[in-house]
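2 protein chains.
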Amino acid sequence: MTTLVNHQWRLAARPAGAVKRSDWSFTEEPVTAPADGQVLVKTLYLSLDPAMRGWMNEGKSYVPPVGIGEVMRAGAIGEVIESKDPAFRQGDFVNGVTGVQEYAVATAKQLVRVDPKLAPLPVYLSTLGMPGFTAYFGLLDVGKPEAGQTVVVSGAAGAVGAVVGQIARIKGCRAIGIAGGADKCRYLTQELGFDVAIDYKSADVKAALRDACPNGIDVYFDNVGGDILDIALTRLARHARIVICGAISQYNNTTPVRGPANYLSLLVNRASMTGMVVFDYAKRYPEATRELAAWMAAGKLKSREHVVEGLATFPETLQMLFSGANQGKLVLKVASE
Amino acid sequence: MTTLVNHQWRLAARPAGAVKRSDWSFTEEPVTAPADGQVLVKTLYLSLDPAMRGWMNEGKSYVPPVGIGEVMRAGAIGEVIESKDPAFRQGDFVNGVTGVQEYAVATAKQLVRVDPKLAPLPVYLSTLGMPGFTAYFGLLDVGKPEAGQTVVVSGAAGAVGAVVGQIARIKGCRAIGIAGGADKCRYLTQELGFDVAIDYKSADVKAALRDACPNGIDVYFDNVGGDILDIALTRLARHARIVICGAISQYNNTTPVRGPANYLSLLVNRASMTGMVVFDYAKRYPEATRELAAWMAAGKLKSREHVVEGLATFPETLQMLFSGANQGKLVLKVASE
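Chains as they are written, first to last, in our numbering: chain V, 1 to 337; chain L, 1 to 337.
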């Protein structure tokens, strides 16, 4: 076997506020051969997610921070090019958290096989991957929507939000999406079947939510935090459930996170606000995959990926999440299948 | 029957910030006779509660605001002096929301009979009344503590907090109370059996909570909001439950309520924050009364009332809640039994 060269994006510094190019280093090293029980994977598609911003910070969170000098953590779809574990064979396609690099050596238990005949590979980073699972368990297990209720989701055109709204519709709820820009809003109502889309960049969100939710919000699935969370709190129905999935508006803060000033609405409305992390549901991923895939096959659930090419573009492409430039799940294509 | 004179405290203006004497008017009028189905009650003890501050504000809440010119809303224990309803007889002692006045005409269904042989009358405004029920349902139904877990309560020397901590102990939990001043803290640990009391006026609450809760907080019962809520959020155990019962630190704000900046700890710890209003449990008050009274009879649950005399002192006495001057449930004695 010829020696392969691996290129990698490593964390060079902990960012203050928005991530700068100098917070990264681009490195090159030879690919190491897999030992017994290990698998060598060639990266095809990388998942770019808002949560990555949090992993770059020091301090306790639901996963340890990425260390300075380490390859940046990322989920990826890859192809097995050499296997020293009987669980995988050369040519298998796999999903795993193998990092922002062209090649990775992983143990078999860090990888899950995916089927390219069932769905295009990028979908396994999207609706049939972490974002889809996050939407599925966050909405159904934490939000507990009932048919006829009103579900509001922020970041609605994002990878998680789009699935939340569509599952809400499948479950017989009204789905209201909040997103930035007319294109995204059109996409929500015309392609994904949301009942109402609110463009937070041009609309008075408070008035629009009042109009869209005359009986209040039963489930608010929050991906953004900040002002929009605070507005949603003013429109809760009795016994509303808020699912805290993320807070992208706050991730680049250099000042402290702004807390929801209207949190006492939880008291007035006997409502709850609950945080969720998808990894807790790992044992149930197969259940979610089956149901999500069945909805996709039945045409009830659409998945959209925004694919950008080239590992070299990683820093700039990641930035699209924070400017809202992506439409659908942001995926970085590293190599062809 | 001679014409009785009724004195009343009415809301004269909506307060901005702390309540001023000029926000009240003291009025006098003849007592009206009860019609059929009504009962005339002589007020003996008035319940003074932090929630009263919220009732003075304009705007939607869990109960309508008290109108300008109306008698201030308050729970009270009184004696029936004339009854036109077969459910009550002269000489009965009753509990009802009959307002800050010497006499009230109420319908029978607004009143509940209380037994002065079972407990001193002020206890029915305290541990065997709304504060006790709030603690009981808020801790057990919303907080769901399990034996061996750590329960933290703020406003711990108050009418609700003292019961929360004692029920936590009864259920086999560690009870940590946060209160203002050495006297209150001594009361919590030496008389009520709390495991730890933290004096927020003199201690570094963050460091003290870290020491007191090495495995994190499983249930945080919040009566105060503000800084202490924010600190508690930094110490949550995985799957912690925060019960939002009140936010006395924020009630006199003239600026917007300060939201909990550390709310994303809910996400990191898969934790929840849930509001509760005791009135939702009205059907289960008899259950709570039975269990609370049994614990009191067994010496496992102590009740302390801070009784101030004289209807004329109402504005100044109410203020004690916000300066923290009361020790135990604040009760205004209006007349002798």
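By construction, the Cβ of each residue, glycine as well, lies at the ideal position given by its N, Cα and C atoms.
Beta-ladder partner(s) of V/Ala197, from DSSP: According to DSSP, V/Ala197 bridges with V/Gly177.
Close-in-space but distant-in-sequence residues of the same chain around L/Ala51 (CB under 8 angstroms, 5 per side omitted): Only Gly246 meet the Cβ criterion.
Beta-carbon spacing of V/Val257, L/Ala261 below 8 angstroms: Yes. Within cutoff.
Partner residues on chain L for V/Met276, Cβ-Cβ distance less than 8 angstroms: Result: Leu267, Arg270.
Simplified DSSP state of V/Ile248, which is helix, strand or coil: Reduced to three states, the DSSP call for V/Ile248 is helix.
V/Phe221 in three-state terms, based on DSSP: Residue state, collapsed to three classes: strand.
Nearest to V/Gly161 (by Cα), restricted to the options V/Asn223, V/Ala33, V/Ile170, V/Thr150: Per the Cα distances, V/Asn223.
Beta-bridge pairing of L/His7 - partner residues as DSSP gives them: According to DSSP, which records beta bridges pairwise, L/His7 is partnered with L/Glu28.
C-beta atoms of V/Asn57 and V/Val31 nearer than 8 angstroms: The Cβ atoms of V/Asn57 and V/Val31 do not sit closer than 8 angstroms to each other.
Residues that L/Tyr281 contacts on chain V, provided the C-beta gap is smaller than 8 angstroms: The premise fails here: L/Tyr281 is roughly 11 angstroms from chain V at the closest Cβ pair, so nothing lies under 8 angstroms.
Contacts that V/Arg285 makes with chain L (C-beta to C-beta distance below 7 angstroms): Looking at the sequence shown, residue 285 of chain V is not Arg but Tyr. Those within 7 angstroms of V/Tyr285 in chain L number zero; the least Cβ separation is about 17 angstroms.
Buried/exposed call for L/Gln190, threshold 16 Cβ in 10 Å: Taking all protein chains in view, the Cβ of L/Gln190 is surrounded by fewer than 16 other Cβ atoms within 10 Å, so the residue is classified as exposed.
Chain L contacts made by the region 73-97 of chain V, where a contact means CB separation under 9 angstroms: For the region 73-97 of chain V, which is checked against every Cβ of chain L, not one residue is closer than 9 angstroms.
V/Glu79 beta carbon less than 8 angstroms from that of V/Glu305: Their beta carbons are not under 8 angstroms apart, which means V/Glu305 does not touch V/Glu79 by this criterion.
V/Thr134 vs V/Val278 beta-carbon contact at 8 angstroms: Closer than 8 angstroms, so yes.
V/Glu82 (DSSP reduced to helix, strand or coil): Reduced to three states, the DSSP call for V/Glu82 is strand.
Euclidean distance between Cα positions of L/Ala159 and L/Pro122: So the two alpha carbons sit approximately 12 angstroms from each other.
Cβ-based burial, L/Arg59 [other Cβ within 10 Å; buried from 16]: Here the sequence assigns Gly to residue 59 of chain L, which means Arg is not the residue at that position. Classification of L/Gly59: exposed, given that the 10 Å Cβ count is below 16.
Span of the alpha helix (DSSP H), counted from its first residue to its last, around V/Ser265: 265-268 is the extent of the alpha helix (DSSP H) around V/Ser265.
Beta carbon proximity, L/Tyr62 to chain V, threshold 8 angstroms: L/Tyr62 counts as touching chain V.
Alpha-carbon to alpha-carbon, L/Asp85 and V/Val219: Spanning the two alpha carbons is a distance of roughly 45 angstroms.
Counted within 10 angstroms of its Cβ, other Cβ atoms place L/Asp230 as buried (16 or more) or exposed: Buried, since its Cβ has 16 or more Cβ neighbours within 10 Å.
4-residue-minimum alpha helix (DSSP H) runs that sit fully inside the region 127-156 of chain L, ordered along the chain: For the region 127-156 of chain L, the continuous alpha helix (DSSP H) assignments of 4+ residues that do not extend past its boundaries occur at 130-137, in sequence order.
Beta carbon proximity, L/Ala247 to chain V, threshold 8 angstroms: Interface residue, yes.
Interface partners of L/Tyr263 on chain V, CB under 9 angstroms: Ordered by position in chain V, the residues that pass the 9 angstroms Cβ test against L/Tyr263 are Gly225, Leu229, Ile244, Ala247, Val257, Gly259, Pro260, Tyr263, Met273, Gly275.
Validate contact between the region 164-172 of chain L and the region 141-152 of chain L using beta carbons, cut 8 angstroms, 3 pairs: Contact holds between the region 164-172 of chain L and the region 141-152 of chain L, because three or more Cβ pairs, one in each stretch, are under 8 angstroms apart.
Endpoints, the alpha helix (DSSP H) within which V/Tyr285 is located: Its alpha helix (DSSP H) spans residues 285-297.
From L/Val39, L/Arg10, L/Thr254, L/Phe26, residue whose alpha carbon lies closest to that of L/Glu82: Scanning L/Val39, L/Arg10, L/Thr254, L/Phe26 for the CA closest to the CA of L/Glu82 turns up L/Val39.
DSSP-derived helix/strand/coil call for L/Leu167: Per the sequence shown, the amino acid found at residue 167 of chain L is Ile instead of Leu. Helix at L/Ile167.
Contact check, V/Phe88 vs V/Ala108, beta carbons under 8 angstroms: Yes, the Cβ-Cβ distance between V/Phe88 and V/Ala108 is below 8 angstroms.
Buried/exposed call for L/Asp204, threshold 16 Cβ in 10 Å: It is exposed - the Cβ of L/Asp204 has fewer than 16 other Cβ atoms within 10 Å.
Inter-residue spacing [alpha-carbon to alpha-carbon] between L/Ser47 and L/Gly310: Looking at the two C-alpha atoms, the distance is approximately 13 angstroms.
Rounded straight-line distance, which links the Cα of V/Asn95 to that of V/Leu111: Going from the Cα of V/Leu111 to the Cα of V/Asn95 covers about 6 angstroms.
Host beta strand (DSSP E) of L/Gln38 (start-end): Boundaries of the beta strand (DSSP E) harbouring L/Gln38: 38-47, taken from the DSSP string.
Distance, L/His239 Cα to V/Lys171 Cα: The alpha-carbon atoms of V/Lys171 and L/His239 are separated by roughly 27 angstroms.
Secondary structure of V/Ile242, DSSP reduced to three states: The answer is strand: DSSP assigns V/Ile242 an E or B state.
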